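Numbering (my numbering), first residue to last: 932 to 1416.
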């Protein structure tokens, strides 16, 4: 063999080796990345080649799958009562990334979750049969919240205070996820929904924190009792009326000028929602103590998963005393979701302990065997002492019996609550947010529930916007449904 042929042979061999190395690299190293790429059409084809697993409420599927008419995607997602459950399910779309439970449990619902694979599936590389997501949602409680909110813009959350099971999560106005499932029509629906000024795709129950107003006074009262600033809810406070915000010439007004708010005890201050009491209380405690208590309840937690990631509710830092005073009445930069304020009432109702809120009970495989049991592994944490919880329960009951929350009364049940009307806009120029957070305990069957309702906007005149007027009736309907035999 002459020198030229030998060099050409060596060069050709090196080219072959390089091709083999590259092919091996792509197959074993880049292959998974290419397979996982959202732009890879094969993923969508595989996902929708068979019916998806379902999301279950009270033993019934609220999702389904339907055959498509042509194209390479054999099935599309369908929804039963889509608007009612949109804040829970989210959507699974041929065109857009899935959201809410559909997004969190994508692998389980399409059969690619490793926990679903049998030994034979592992050996053959076949996709497993899809699993199901079993929720904690109570359909009667969910519907009661949805119907009671009606055409109002707002959100509601109901929690079992003993277990942490989320019984309802509702956001209005809602949307039908079925509009987004088909790739051929999803684009137009997406544009319409996002252009809607009422933002129906916003999850106001879990993911839209707003100023909680006077409902936050429960957190301040918790800090005052736990720190020993006041021994009980009936000890008179040191609270001038009016209360001048420190370092300013501004007097903080009370909604009811004739209310007995001067030096009022915590019970009376909650009953009449006395701003002067809680503003001064926040200053006396100091922002660090108030923040510490807020964080025990769940504020400033950017990993609050239920398992949907909730937006963090916020108690701010680095404030002067006048700003700290405003946080005492749930204003300034304090924000909360209905989920967060339901957690506050749940902890108080449960003797000071808060079980982990969750809206998935378990996931199961195609045969119904449990993949993961969320009810079994949710722990609880102590937020306040049992004594403080009992004191606040009693004071919240006074609010409903004789105070600003009378619209939440339910025959045959013990109900406690706290109203809130949060100002917003420059110089408070916009319609206030109406809040109500509460607990209810049946006098006959032992059932309990904690509920928070936020009404962001309604058709009511500005003068009629209040926690008792707008939010308490919604909470009452939700509690009544949860406590029913």
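Here a beta-carbon is modelled for each residue, glycine too, at the ideal position from N, C-alpha and C.
These figures come from a predicted structure and were not determined experimentally.
Could you pull out every residue in the same chain whose Cβ sits closer than 6 Å to the Cβ of residue i, ignoring the five residues on either side in sequence?
| i | result |
| --- | --- |
| residue 1166 | 1196 |
| residue 976 | 1003 |
| residue 1406 | 1339, 1367, 1369, 1382, 1384 |
| residue 1263 | 1254, 1257 |
| residue 1039 | 1062, 1294 |
| residue 1403 | 1336, 1338, 1339, 1367 |
| residue 1306 | 1292 |
| residue 986 | 993, 994, 1020, 1032, 1064 |
| residue 1386 | 1083, 1085, 1365, 1401, 1402 |
Provide the residue(s) that pair with residue i in DSSP beta bridges, ordered along the chain.
| i | result |
| --- | --- |
| residue 1285 | 1312 |
| residue 913 | An answer regarding residue 913 cannot be provided, because it is not within the stretch 932 to 1416 covered by the chain. |
| residue 1175 | 1182 |
| residue 1096 | 1289 |
Can you find the residues in the same chain that come closer than 8 Å, C-beta to C-beta, to residue i, ignoring five residues on each side of it along the sequence?
| i | result |
| --- | --- |
| residue 1136 | 1018, 1086, 1087, 1088, 1100, 1101, 1102, 1268, 1269, 1270 |
| residue 1221 | 1150, 1151, 1154, 1213, 1246, 1255, 1258, 1259 |
| residue 1376 | 1414, 1416 |
| residue 1049 | 1059 |
Taking the alpha carbon of residue i as the reference point, which residue from the options has its own alpha carbon closest?
| i | options | result |
| --- | --- | --- |
| residue 1064 | 1036, 1234, 1374 | 1036 |
| residue 1209 | 1258, 1068, 947 | 1258 |
| residue 1351 | 1340, 1364, 1344 | 1364 |
| residue 1397 | 1337, 1228, 1372 | 1337 |
| residue 1298 | 1090, 1289, 1373, 1059 | 1059 |
| residue 1244 | 1272, 1219, 1218, 1252 | 1272 |
| residue 983 | 1123, 1005, 1342, 1319 | 1005 |
| residue 885 | 1353, 999, 1178 | Outside the displayed span of the chain (932 to 1416) sits residue 885, for which this structure offers no information. |
| residue 973 | 1025, 986, 1117 | 1025 |
| residue 1015 | 1007, 1070, 1032 | 1070 |
| residue 1009 | 1187, 1075, 1109, 1175 | 1109 |
What separation, rounded to the nearest whole angstrom, lies between the Cα atoms of residue i and residue j?
| i | j | result |
| --- | --- | --- |
| residue 1130 | residue 1044 | 33 Å |
| residue 1324 | residue 1347 | 6 Å |
| residue 1067 | residue 1292 | 5 Å |
| residue 966 | residue 1029 | Unreliable positioning characterises residue 966 in this predicted model, as indicated by a pLDDT of 49, which lies under 50. The coordinate reading is nonetheless provided below. Each residue's Cα considered, the two are about 18 Å apart. |
| residue 949 | residue 939 | 15 Å |
| residue 1092 | residue 1409 | 14 Å |
| residue 1190 | residue 1326 | 16 Å |
| residue 953 | residue 946 | 10 Å |
| residue 1400 | residue 1250 | 33 Å |
| residue 1228 | residue 1096 | 17 Å |
| residue 1218 | residue 1224 | 10 Å |
| residue 1201 | residue 1083 | 26 Å |
| residue 1349 | residue 1000 | 53 Å |
| residue 1180 | residue 1157 | 31 Å |
| residue 993 | residue 1172 | 54 Å |
| residue 1287 | residue 1232 | 13 Å |
| residue 1412 | residue 1072 | 5 Å |
| residue 1372 | residue 1163 | 23 Å |
Excluding sequence positions up to five away, which residues of its chain have a Cβ less than 7 Å from the Cβ of residue i?
| i | result |
| --- | --- |
| residue 1285 | 1274, 1277, 1278, 1311, 1312, 1314 |
| residue 1194 | 1167, 1168, 1169, 1170 |
| residue 1421 | Beyond the ends of the chain as shown, which are 932 and 1416, falls residue 1421; an answer cannot be given. |
| residue 1374 | 1343, 1344, 1345 |
| residue 1282 | 1317, 1320 |
| residue 1080 | 1087, 1101, 1103, 1405 |
Validate contact between the region 1100 to 1116 and the region 1332 to 1341 using beta carbons, cut 8 Å, 3 pairs
no
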